[in-house]
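These notes are about the structure you will find just below.
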């Protein structure tokens with residue numbers, strides 16, 4: 227009984243430690259969002275100026291600010307909302323595409339037997355193992371070379387934009403989706419699929 231209690235306490239301590247390591251940086255980030263200083267290394271007092279700039283309501287907080295300063299804050303607020311919109315577009319599109327392609331990839335590797343199955347299984351873990359900065363630089367070089375080839379061979383001028391950013395995010399996220407879905411498929415009872423097909427379900431209904 228004593229060993230069980232000590233084991234449970236140790237497990238609880240480890241769980242608390244893991245959650246603290248995961249969420250402590252987020253709590254620190256929230257706390258420093260009220261910092262009057264632009265630097266997160268120095269605390270200069272409590273302030274709501276950053277949230278006011280985001281909402282474009284600086285006049286209510288600092289009525290004595292000059293017209294040029296107010297215009298600069300308004301421009302900054304516009305940039306913040308533009309960045310937020312772009313982030314939502316990229317994250318939404320990348321999430322949708324990664325989920326679909328990752329699930330298809332996991333189904334193909336788990337359900338079918340083909341010649342390069344082992345190669346794709348190993349290739350699946352590369353984006354997880356490779357550091358993010360290395361993968362980002364590799365994609366930057368790849369797109370730069372691809373744009374030059376497209377311009378030299380086909381006379382088509384391509385540029386960086388939403389499409390390239392979404393492709394880069396998909397290339398990074400698809401492995402995580404495929405690994406999670408494949409692990410879930412490995413734990414499923416395939417007799418359920420066979421029973422559904424025997425009862426007349428179509429392949430899509432079975433899926």
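Numbering (my numbering), first residue to last: 227 to 433.
Glycine included, every Cβ here is placed at the ideal spot set by N, Cα and C.
Nothing here was measured: the structure is a model prediction, and the numbers come from that model.
Quiz item: At a cut of 8 angstroms, does the region 344 to 359 reach the region 418 to 426 through at least three beta carbon pairs?
Solution: no
Quiz prompt | Inter-residue Cα distance where the pair is residue 317 and residue 232 | solution = 43 angstroms
Quiz item: Mapping DSSP to helix, strand and coil, what is residue 272?
Solution: In the displayed model, residue 272 falls within a strand according to three-state DSSP.
Practice problem: Leaving aside the five residues before and after residue 391 along the sequence, list all residues of the same chain whose C-beta is less than 7 angstroms from its C-beta, in chain order. | Solution: 316
Quiz item: From residue 343 to residue 412, what does the alpha carbon distance come to, in whole angstroms?
Solution: Roughly 15 angstroms separates the two Cα atoms.
Quiz item: Ends of the alpha helix (DSSP H) at residue 418?
Solution: 416 to 424
Quiz item: Is the distance from the Cβ of residue 336 to the Cβ of residue 408 below 8 angstroms?
Solution: yes
Quiz item: Are there three or more Cβ pairs, one per stretch, closer than 8 angstroms when the region 302 to 311 is compared with the region 374 to 382?
Solution: no
Quiz prompt | Other residues of its chain near residue 414: CB distance less than 6 angstroms, five sequence neighbours each side excluded | solution = none
Quiz item: At which residues does the alpha helix (DSSP H) containing residue 387 begin and terminate?
Solution: Per DSSP, residue 387 belongs to no alpha helix (DSSP H) and is neither H nor E.
Quiz prompt | Whole-angstrom distance between residue 385 and residue 254, CA atom to CA atom | solution = Rounded to the nearest whole angstrom, the CA to CA distance from residue 254 to residue 385 is 37 angstroms.
Practice problem: Pull up the distance between the alpha-carbon of residue 401 and that of residue 388, whole angstroms please. | Solution: 21 angstroms
Self-check item: Beta-ladder partner(s) of residue 261, from DSSP
Solution: Residue 261 is bridged to 272.
Quiz item: Quick one: what's got a C-beta closer than 8 angstroms to residue 239's C-beta in the same chain, skipping five residues either side?
Solution: none
Self-check item: Top-ranked residue by Cα proximity to residue 326, from 236, 420, 399 and 248
Solution: If we check each option's Cα against that of residue 326, 399 comes out closest.
Quiz item: How about residue 397 and residue 331: are their beta carbons less than 8 angstroms apart?
Solution: no
Quiz prompt | Simplified DSSP state of residue 323, which is helix, strand or coil | solution = helix
Quiz item: What does a CB cutoff of less than 6 angstroms around residue 323 pick up in its chain, not counting 5 residues either side in sequence?
Solution: If we look at residue 323 and ignore the five residues flanking it on each side, its Cβ neighbours are 396.
Quiz prompt | residue 236, DSSP secondary structure in three states | solution = Three-state DSSP puts residue 236 in a helix.
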